[in-house]
Amino acid sequence: MELRHLRYFVAVVEEQSFTKAAEKLLIAQPPLSRQIQNLEQELGALLFERGSRPLRPTVIGRFFYQQALKLLANADEIKLITQRAGMTERTIQIGYSTSILCGLLPRIVYLFRQQYPHLSVKLTELNGIEQIQALKEGRVDACFGRVRISDQSVKRVMLREEKLMVAVHSSHPFANQHRAISLTELNDEQIFSYPSQAGLGYASQVKSLFLEYGLEPKRFMVLDCLQQSLGMVAAGEGICIVPESVKMMQFRHVNYVPLADSAAVSPIYLIVRNDDESQYTRPLIDCVYQVYDLEAIEYDRRVF
Ligand code: BEZ
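According to the UniProt record's numbering, the sequence shown is numbered sequentially starting from 1.
In structure tokens, the structure reads:
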């Protein structure tokens, strides 16, 4: 009997069906049924009530299920402890785009450092294209960004989609209306966006969002960076569409107003080299998901 058999058995109990368990385990159903039969033969006991729908474990099967859960949890813990012990001290270099630092990144790094105290983390602010370049040149190990740049040397996992908001001056009529604003209402405004890198970047995501609703902003100006754009908002010169986490950035006279349109979201990606075999990528993603769970943030757990 191997751990694999226990994992198969647990999946069948939890899914109450061989078909669903096979789908979950990404194997075909006939070999799964065979493995369970072999297990029953080895144990000399029936683990499932024959013909039951949904599939039910027998009394012995329920006992075995509890023991299997304990053993699997133990095995996972041994693996984690050994992996941690085997990790040498080193610095993980992480690139990030500005708005990501305003949000959950500090919390994720804190959690990562708690769980892997022998690893230190160095953070470097990089825009979308710089992230790809830095990954290729080995200057960073992983990046958190918003821009979907296709490049053969990197791969990415979409972590979640974050809502967008509008930053407006406190004297702007939208500032005190206590309601969500729609993109249509912003079409005639002076809009500042960032960063000013050719064609790609977050600014083009914002522009495409207007196009998606058949709108074309009349006055759209791309500035160097987020801080500059918010500075212009604080000066009463226009508005800026930003990810929700940016509201942590307190500028005097800048108010953040929700956007009503459902497509007004911005993706957050983890990007690593295509040939990434780092033992830290998985733990880093796990820390992201742990923070999402703690913050009750909705996300789609993806396999890398
Ligand atoms: C987030 O806000 O979802 C996030 C921030 C930093 C790293 C990863 C995810």
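Note that beta-carbon positions come from the ideal geometry of N, C-alpha and C, so glycine has one too.
Keep in mind the model is a prediction, meaning the values are calculated, not measured.
Beta-carbon within less than 8 Å of residue i's beta-carbon, same chain only, minus the 5 sequence neighbours each way: which residues are those?
| i | result |
| --- | --- |
| Q274 | With the sequence shown as reference, residue 274 is identified as Asn, and Gln is not the correct amino acid for it. Within the same chain, N274 has close Cβ partners Q152, S153, V154, K155. |
| T19 | Q29 |
| E42 | M1 |
| V265 | E161, E162, K163, L164 |
| K24 | A11, E15 |
Give the single residue among the options whose Cα lies nearest to the Cα of residue i.
| i | options | result |
| --- | --- | --- |
| I100 | V147, E137, T82 | V147 |
| M232 | H5, L209, I191 | I191 |
| Q177 | S245, L259, A21 | L259 |
| residue 318 | T98, E277, T58 | Summary: the structure shown does not reach residue 318, with the chain confined to residues 1 through 304, and so no result is reported for it. |
| E161 | F18, S17, D300 | D300 |
| L215 | E185, M221, A234 | E185 |
| H253 | L211, S171, V222, P283 | S171 |
| E89 | R302, Y280, Y289, E295 | Y280 |
| V13 | R53, R139, P217 | R53 |
| K218 | K207, I36, A45 | K207 |
| V291 | Q35, E244, F174, G103 | G103 |
| P267 | S278, G128, A45, A180 | G128 |
| V272 | D141, D293, V288, C240 | D141 |
| N187 | P195, I285, M221 | M221 |
| R139 | I149, S182, L126 | L126 |
| V242 | Q66, S17, Q205 | Q205 |
| D261 | Q67, F210, A167 | F210 |
| A263 | Y256, L72, K163 | K163 |
| G61 | L71, E49, K70 | E49 |
| A203 | L226, S182, I181, Q66 | L226 |
| residue 308 | L284, I297, E295 | With the chain represented from 1 up to 304, any question about residue 308 goes unanswered, as that position is not in the structure. |
| I132 | V121, L69, I149, V10 | I149 |
| A68 | Q35, S245, Y8, D286 | Y8 |
| R34 | L55, D286, V59, H5 | H5 |
| Y116 | I297, R282, D293 | R282 |
Exposed or buried, residue i, counting other C-beta atoms within 10 Å across all chains shown (16 or more means buried)?
| i | result |
| --- | --- |
| G201 | buried |
| N74 | exposed |
| F63 | exposed |
| G236 | exposed |
| Q118 | Residue identity differs from the one stated: residue 118 is His in this sequence, not Gln. Per the 10 Å Cβ criterion, exposed. |
| N38 | exposed |
| P57 | buried |
| residue 305 | Outside the modelled stretch of the chain, which goes from 1 to 304, sits residue 305, for which no answer is possible. |
| Y110 | exposed |
| M165 | buried |
| G44 | exposed |
| V168 | buried |
| residue 307 | With the chain covering 1 to 304 only, the question about residue 307 has no answer from this structure. |
| V288 | buried |
| I81 | exposed |
Which residues in the same chain have their Cβ closer than 6 Å to the Cβ of residue i, if we skip the five residues on either side of it in sequence?
| i | result |
| --- | --- |
| Y269 | G145, R156, M158 |
| T124 | G95 |
| E212 | A263 |
| Y256 | M165, A167, K247 |
| S120 | T91 |
Go through its chain and collect everything with a Cβ distance to residue i's Cβ below 7 Å, but skip five positions before and after it.
| i | result |
| --- | --- |
| L105 | Y96, F144 |
| S229 | F192, S193, Y194, L223, C240 |
| K136 | S153 |
| S17 | P54, L55 |
Can you check whether the C-beta of residue i is within less than 8 Å of a C-beta belonging to chain D?
| i | result |
| --- | --- |
| L69 | Annotation note: the requested chain D is absent from the structure, which comprises a single protein chain. |
Practice problem: Please specify which runs of the beta strand (DSSP E), each continuous and at least 3 residues long, are wholly inside the region 53–119, giving them in chain order. | Solution: 90–96
Exercise. Enumerate, from N- to C-terminal direction, the unbroken alpha helix (DSSP H) stretches of 4 or more residues contained entirely within the region 232–303.
Key: 281–294, all fully within the region 232–303.
Practice problem: Within the region 149–233, note down every full alpha helix (DSSP H) run reaching 4 residues or more, in order along the chain. | Solution: Segments of the alpha helix (DSSP H) lying fully in the region 149–233: 201–212.
Practice problem: Could I get the ranges of all uninterrupted alpha helix (DSSP H) runs contained in the UniProt domain "HTH lysR-type" (1–58), with 4 residues as the minimum, in chain order? | Solution: 3–15, 18–25, 29–43
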